[in-house]
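In the order they appear, the protein sequences are chains A and B. At position 165 of the first sequence the residue is numbered 165 (this note's numbering), and the sequence of numbers has no breaks. At position 48 of the second sequence the residue is numbered 1048 (this note's numbering), and the sequence of numbers has no breaks.
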Amino acid sequence: MSFAQKARYNFMKDLGAPALMWLRQSQRKKRPRKPNPYLGPPLKCAGRLREIMTRHYYLSRFSKGAKPVAWVTSGAPVELLRVFDFYTIYPENHGALCGAQKKGPEICSEAEKKGYHPDLCSYARIDLGHAFSGKTPAGRLPRPDLLFCANNICQTVLYWYKELSYYWNIPLIIFDTPYNFQDIREKDIEYMVCQFEEMIPELERISGCKYSHDRFMKIIGIARESASTWGRVLATMKHRPAPISIFDAFVHLAPIVSLRGLPIALDYYRILLDELEERVAKGIGAVTNESKRLMWDNIAVWFKLRDWSLLFAERGLNFVAATYTNAWAETIHYLDEMSPFESMARAYSLVVLNNSLNYRLKLMEQMIRDYQVDGLVILSLRSCKPYSVGQYDLRRLLGERLGIKSVVIESDMTDFRAYSEEQTRTRLEAFFEALEV
Amino acid sequence: MRLWRFKGLSMTYFAGIDIGSLTTEVVILDSNADMLSYSINLTGADCNEAVDQALGQALSRAGLSRDQLSFIVATGYGRVTIPFSDKKITEISCHGTSAHHLFPDTETVIDIGGQDSKVIRIDKEGKVLDFTMNDKCAAGTGRFLEVMAGAFRVSLEDFGQLSLKAEREIPISSVCTVFAESEVISLIAQNQAREDIIRGLHSSVVNRIWNMVQTVGVHGAVTMSGGVAKNRGVVVLMEEKLGKPIHIHTEPQIMGALGAALLAKRHFLQEK
């Protein structure tokens, strides 16, 4: 790590980035958005979120050489990397950003040109397409010094990160989480803890920093606190009317994914929670006339967020729960400073996608009851096979047990070539007719 | 009394318009839910023109004018393009309603239209309980059969009959319409009996729909709607799979529009 690069990074962090943010903010104030009659007032802290995420992506381009850089999967135990002061980039979060800006097909096709199949996950295609072509709406992403992946979310990440590792000739660390068919076994925990112990010398070598157990315990504490605050943010949607919708939560998810273990994520969720509690006290809802409450299953369709939030809000429908946003609050209570490695193994291997369908069924049943859900929208995702498998059975069983109405729609989260507007609209409208809204 | 009724003074009339990808159908009902007339036209490139033409035809057959219609419901893919409809309802609810009206014991509706196919489960009142549709692909739809009939230069009417004359079935492995067409052309080049190939094509459609039927489950009597219900080849194969006969209206193509007209009547009475 060179001194000049460090000085440049620190300058941009303390002065350059804040100045840029201020400039953007002052420009933004000139164009107030017209209020929508179906949606509640916009969240005051949305500006702060935009600032945090823009700053994160903006600063990343100065991080190379100043800090060790790691590309990390959304379900990887990033807390360990924080001890070594890695600057972390989340390709999945970047994929969502590309999707929201409708750049999915363009960047995916860069990977397809190299022979990657269109049936491959579109996050992987966007990331590989970006690696090959440099195309990104985020300006520029730093090339990593380390790739860090955990297979608790899917198996695709293994091969995707292996490709990157081979292409750039950089080290890859894989955290292997055994799948939970029933309860987690002590041997599995032992296996995962051994992996952490093996990782530490490698991480010391790549980052040039020494491992500090005190620091690690502190980071685990922050991570647990931020995730539980995120859990409380989601729990505000149990109120009627819900102060935010899942479409908002999809956006506000970014810090818990990308900045987990950093104090900034915790600070942000405290601000968000305060604002939401205030909205609950005043009876302000995300949808002006909330008549029915829905649950979402699967990742967000990033290029349709705005359109769909209006489509549902116009009919007084609000999404109040999602298995996806819940995944970052679901198992984090396991984290414990006193036994950081064992607790981290539990927290990361017990997430919904690394668990049996029976677990998912029970989780959804519980959420439907807790959030007083009237209908279920199931997205069968072209990209995410582990998330989409078993959805028809879940739907049937939930219908039988709780009498809940549901609809299955098909799309991809970023690649809108796999989305058909008319077909989806017909399915959704038939669902609205069944809900009588 | 008869004269009074004839002049349409006491009667209210309802129209259902179904704008599909291939055809546009209109059904006119009177207040007793008796069908006065219907029309079927090709949709073509201009939705509005097709609707005007189809509605004009149906009205003239019923001896009515447009201002005598009390309530119009639009359905089908083009439903959003009609500016004068009083309500837009999805074809899923419409097919469920008409199937229940025509055959009250129906609990499962199989609708195979031009660009999509649906299996709908309804309750004893005709309300939709569950449904499934084909995904973003034309396999298992009317368009698939239309393209294949084109490859044989056979009319759609004869296509289904030819399937029934087959001695054996040549399986078609490709589900993609374009690839299946190439497969058919190479089978023709190998001098395979065309009836056997046609039977294979019909099986391919039925197998695709059968998967959807199993997703929703077979309950009660089964009614088939949509243009493909006119194809005996498909119907016979589907009945074999189901192990029971299927209800089919003499004009299955108008079931979407009929459902829309029935719902027009219901909504008119509710609003009143």
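Yeah, the Cβ is synthetic: ideal placement off N, Cα and C, and Gly gets one too.
Proximity of chain B to residue 392/A at the Cβ level (cut-off 8 Å) is accounted for by 1215, in chain order.
Residue 193/A: member of the alpha helix (DSSP H) spanning 186–207, first to last residue.
The C-beta of residue 422/A comes closer than 7 Å to at least one C-beta of chain B.
Residue 293/A has 318/A as its beta-bridge partners, per DSSP. Taking a contact as a CB-CB distance under 8 Å, the pair residue 95/A and residue 126/A counts as one, their CB atoms being some 4 Å apart. Linking residue 1157/B to residue 1087/B through their CA atoms gives a straight-line distance of about 34 Å.
Residues of chain A whose Cβ lies closer than 8 Å to the Cβ of residue 1123/B do not exist, since the nearest Cβ in that chain is about 11 Å away.
Residue ranges of uninterrupted alpha helix (DSSP H) with 4 or more members, entirely inside the segment 1034–1104 of chain B and ordered along the chain, are 1047–1062 and 1091–1102. Taking a Cβ-Cβ threshold of 7 Å, the residues of chain B close to residue 429/A are 1090, in chain order. When CB distances to chain A are screened at a threshold of 8 Å, the residues of the segment 1089–1108 of chain B falling below it are 1089, 1090, 1091, 1092 and 1093, in chain order. Scanning its chain for C-beta atoms nearer than 7 Å, with the 5 sequence neighbours on each side dropped, one finds around residue 167/A the residues 131, in chain order.
For residue 426/A, a Cβ of chain B is located within less than 7 Å of the residue's own Cβ. In the three-state reduction of the DSSP assignment, residue 1168/B falls in the coil class.
Pairing residue 369/A with residue 297/A, the inter-Cα distance amounts to about 15 Å. CA-to-CA, the gap between residue 1267/B and residue 1101/B works out to about 16 Å. The three-state reading of DSSP puts residue 1259/B in helix, counting H, G and I together. Pairing residue 302/A with residue 1251/B, the inter-Cα distance amounts to about 43 Å.
Of the residues assessed, residue 173/A falls on the buried side of the cut-off, its CB having 16 or more other CB atoms within 10 angstroms.
In chain order, 1248 and 1252 place their CB closer than 6 Å to the CB of residue 1229/B, counting only its own chain and leaving out the 5 sequence neighbours on each side.
Within the same chain, Cβ atoms closer than 6 Å to the Cβ of residue 347/A are found at 331, 332, 334 and 335, the five residues on either side in sequence being excluded.
Around the beta carbon of residue 159/A, fewer than 16 other beta carbons sit within 10 angstroms, so the residue counts as exposed.
Considering only beta carbons, the part of the segment 401–413 of chain A lying closer than 7 Å to chain B consists of 410, in chain order. With a cutoff of 7 Å on beta-carbon distance, residue 152/A and residue 354/A are scored as near each other.
If you draw a straight line from the Cα of residue 1047/B to the Cα of residue 180/A, it is about 54 Å long. In summary, the residues of the segment 1129–1149 of chain B whose CB is separated from some CB of chain A by less than 9 Å are 1129, 1130, 1131, 1132, 1133, 1134, 1135 and 1136, in the order they occur in the chain. At a cut-off of 7 Å between beta carbons, residue 1038/B makes no contact with chain A. For residue 110/A, no CB of chain B lies under 7 Å from its own CB, so it is not counted at the interface with that chain. With contacts defined by Cβ atoms closer than 7 Å, residue 43/A and residue 13/A do not form a contacting pair. Residue ranges of uninterrupted alpha helix (DSSP H) with 4 or more members, entirely inside the segment 1158–1244 of chain B and ordered along the chain, are 1177–1189, 1194–1216 and 1232–1242. When the alpha-carbon of residue 434/A is set against those of 410/A, 377/A and 184/A, the nearest one is in 377/A.
In the DSSP assignment, residue 378/A is bridged to 297/A and 408/A.
The bridge partners DSSP lists for residue 24/A come to none. Under the 10 Å beta carbon count, residue 382/A is surrounded by 16 or more other beta carbons and is classified as buried. Your pair residue 1264/B and residue 1015/B checks out as a contact, with CB atoms roughly 7 Å apart and the cut at 8 Å. Taken residue by residue, none of the segment 259–278 of chain A has a beta-carbon sitting less than 7 Å from a beta-carbon on chain B.
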